[in-house]
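Trainee: Please see the structure below; I have some questions.
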Ligand SMILES: [Zn+2]
Ligand SMILES: [Zn+2]
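Numbering (the UniProt record's numbering), first residue to last: 1 to 347.
Quick look at the structure:
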C-alpha cells in the first residue's frame with residue numbers, strides 16, 4: 001500500500017486537518033501520479049457539509065487534480081513516468097452499460113466511482129480526492145495534459161471546465177447563437193471563455209453590475225443586470241441558450257422569458273431547493289429546461305486539448321493548503337476570481 005499525506009474532514013462539522021491514509025498499490029492498469037495542484041470546487045464544501053447527501057468520512061476532497069506520473073502498471077499503454085496527468089470527478093465506472101459504451105461514463109447506469117466521497121466499483125473501498133500528495137487511478141480515467149499551459153490554472157478545467165464545455169458542445173452552441181451565461185463564478189467564467197471561443201455572441205446575466213468589467217475582460221460581448229427592469233425588458237426573447245451556473249435559488253420563469261422561441265435553459269448549478277416553473281413559461285415559445293453533469297472521459301480529453309490549442313485556462317488564486325478554511329469562507333461569499341487552486345507543495 002502507498003502511504004499518502006492529505007487534508008481530510010473527519011466529519012461534517014470539523015475543519016479540514018492533516019491526515020494520512022493508504023492508497024492501493026499500482027495495479028497492472030493503474031497510473032500513479034504525484035499531485036502538484038488541486039482546484040477547490042464549490043461542491044467540495046457542499047459535500048463536506050453533507051448538503052446533498054450523507055458523506056463518507058474521513059473525506060479527502062478535491063476533483064480538479066493535476067500532477068506528474070511517477071509509476072505505471074505493466075499493462076499501461078498511454079502513460080509513462082514523467083508525463084503530466086490529470087483526474088477530474090470520476091475514477092471508474094462499470095464500462096458496460098449503454099452510457100459507458102457511448103463515452104458517457106458520467107451517466108453510468110450502475111453508478112460511476114466519484115473521485116472522492118464515493119466508492120470504487122467494488123462498492124466498498126472509499127475513494128479519496130486530490131487534497132493529497134499522490135493518487136492511483138486506472139489509466140482509462142487519467143487525462144493527458146499538454147506542457148504549454150500554466151498547470152495550476154489547468155486544474156479547474158477538470159471540473160469547472162468540462163461542466164461548461166460539455167453542454168455547449170452537446171447543444172452545438174456557436175456562431176449565430178446568442179448565449180447567456182447566468183452567474184459569473186467558477187463555472188460561469190469558463191462558460192464565457194468557451195462560448196466566446198466557439199463563436200457565440202455571449203451575454204453575462206448578473207444580479208449586480210460589479211462584475212461587468214471582468215465579464216468584458218473575459219470576452220463577454222454584453223452584460224445584463226437582472227435587477228434592472230429596463231435591462232431585463234430589453235433582453236426579453238433574445239437568447240438561444242441560457243447556461244445557468246447558479247447554485248442559489250432563482251426565478252426560472254423570469255429567465256425563461258429571456259429565451260427566444262425554441263430556446264433552451266441549461267442547468268449546471270445545483271440550487272438546494274427544487275425550482276418552480278410555470279408551464280406557460282415553457283409553452284409560450286416551445287422552450288425547454290435541461291441539465292448537464294460534468295462530462296465523459298473522451299470529451300474531457302477533447303476539452304483539455306481544445307484548451308491547450310486555444311490557450312484557455314481558468315482564472316485562479318493560488319493558495320497554501322493550510323489556508324483552505326479561509327478559502328472556503330471566501331468562496332461561500334462569492335469572493336474568489338474565479339477559482340482557488342491549492343499548491344500541493346505546501347502539504
Ligand atoms: Zn467540481
Ligand atoms: Zn456504466
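Each residue gets a CB set at the ideal place from its N, CA and C atoms; glycine is no exception.
Does DSSP put residue 102 in a helix, a strand or coil?
Mentor: Taking the chain shown and counting its residues from 1, the one referred to as residue 102 is at position 102. In this structure, residue 102 counts as coil in the three-state DSSP scheme.
Trainee: Indicate whether the contact test is met: 3 or more Cβ pairs, each with one atom in the stretch 127-147 and one in the stretch 33-50, closer than 8 Å.
Mentor: yes
Trainee: Rounded to whole angstroms, what's the CA-CA distance from residue 57 to residue 9? Just pull it up for me.
Mentor: The residue given as residue 57 occupies position 57 in the chain shown. The residue given as residue 9 occupies position 9 in the chain shown. Their Cα atoms are separated by approximately 7 Å.
Trainee: Kindly provide the chain-ordered list of residues whose Cβ lies closer than 5 Å to any non-hydrogen atom of ligand 1.
Mentor: 41, 43, 159
Trainee: Count the other C-beta atoms from every protein chain shown that fall within 10 angstroms of the C-beta of residue 81, then say buried if there are 16 or more, exposed otherwise.
Mentor: Residue numbering aside, residue 81 sits at position 81 when the chain shown is read from its first letter. Classification of residue 81: exposed, given that the 10 Å Cβ count is below 16.
Trainee: If you follow the beta strand (DSSP E) that residue 317 is part of, which residue opens it and which one closes it?
Mentor: Working through the chain shown from its first residue, we reach residue 317 at position 317. Looking at the DSSP string, the run of the beta strand (DSSP E) that includes residue 317 is 316-319.
Trainee: Might you give, ordered along the chain, the residues of its own chain that have their beta carbon closer than 7 Å to the beta carbon of residue 198, omitting 5 neighbours on each side?
Mentor: Stepping through the chain shown from its first residue, residue 198 is reached at position 198. Taken in chain order, the residues that qualify are 168, 173, 174.
Trainee: Say the cut is 7 Å; is the CB of residue 307 nearer than that to a heavy atom of ligand 2?
Mentor: Numbered from 1 along the chain shown, position 307 holds the residue referred to as residue 307. Not under cutoff, so the answer is no.
Trainee: May I ask you to check if the CB of residue 93 is nearer than 7 Å to at least one heavy atom of ligand 2?
Mentor: Indexing the chain shown from 1 puts residue 93 at position 93. The answer is yes for residue 93.
Trainee: How would you label residue 249, buried or exposed, when you count the other beta carbons within 10 angstroms and need 16 or more for buried?
Mentor: Within the chain shown, the letter at position 249 stands for residue 249. It counts as exposed.
Trainee: Tell me whether residue 138 sits in a helix, a strand or coil according to DSSP, three-state version.
Mentor: As a working mapping, residue 138 is identified with position 138 in the chain shown. If DSSP states are grouped into helix, strand and coil, residue 138 belongs with the strands.
Trainee: Taking 8 Å as the cut-off, decide whether the C-beta atoms of residue 136 and residue 87 are in contact.
Mentor: Along the chain shown, read from residue 1 onward, the residue named residue 136 stands at position 136. Along the chain shown, read from residue 1 onward, the residue named residue 87 stands at position 87. No; because the gap between Cβ atoms is not below 8 Å, this pair is not in contact.
Trainee: Answer yes if the stretch 239-248 comes into contact with the stretch 261-275, meaning at least three C-beta pairs across the two stretches below 8 Å, and no otherwise.
Mentor: yes
Trainee: For residue 274, does the count of other Cβ atoms within 10 angstroms reach 16, so buried, or fall short, so exposed?
Mentor: Counting from one through the chain shown, the residue named residue 274 turns up at place 274. Residue 274 comes out exposed.
Trainee: Can you name the residues that DSSP bridges to residue 32?
Mentor: On the chain shown, residue 32 is found 32 positions in, with the first residue counted as 1. For residue 32, which the question treats as bridged, DSSP gives the partners 71, 136.
Trainee: Could you give the uninterrupted runs of the beta strand (DSSP E) lying entirely in the stretch 151-217, keeping only those of 3 residues or more?
Mentor: 178-182, 201-206
Trainee: Per the DSSP calculation, residue 267 is bridged to which residue(s)?
Mentor: Sequence index remark: in the chain shown, residue 267 carries index 267 (1-based). Answer by DSSP bridge pairing, in chain order: 244, 291.
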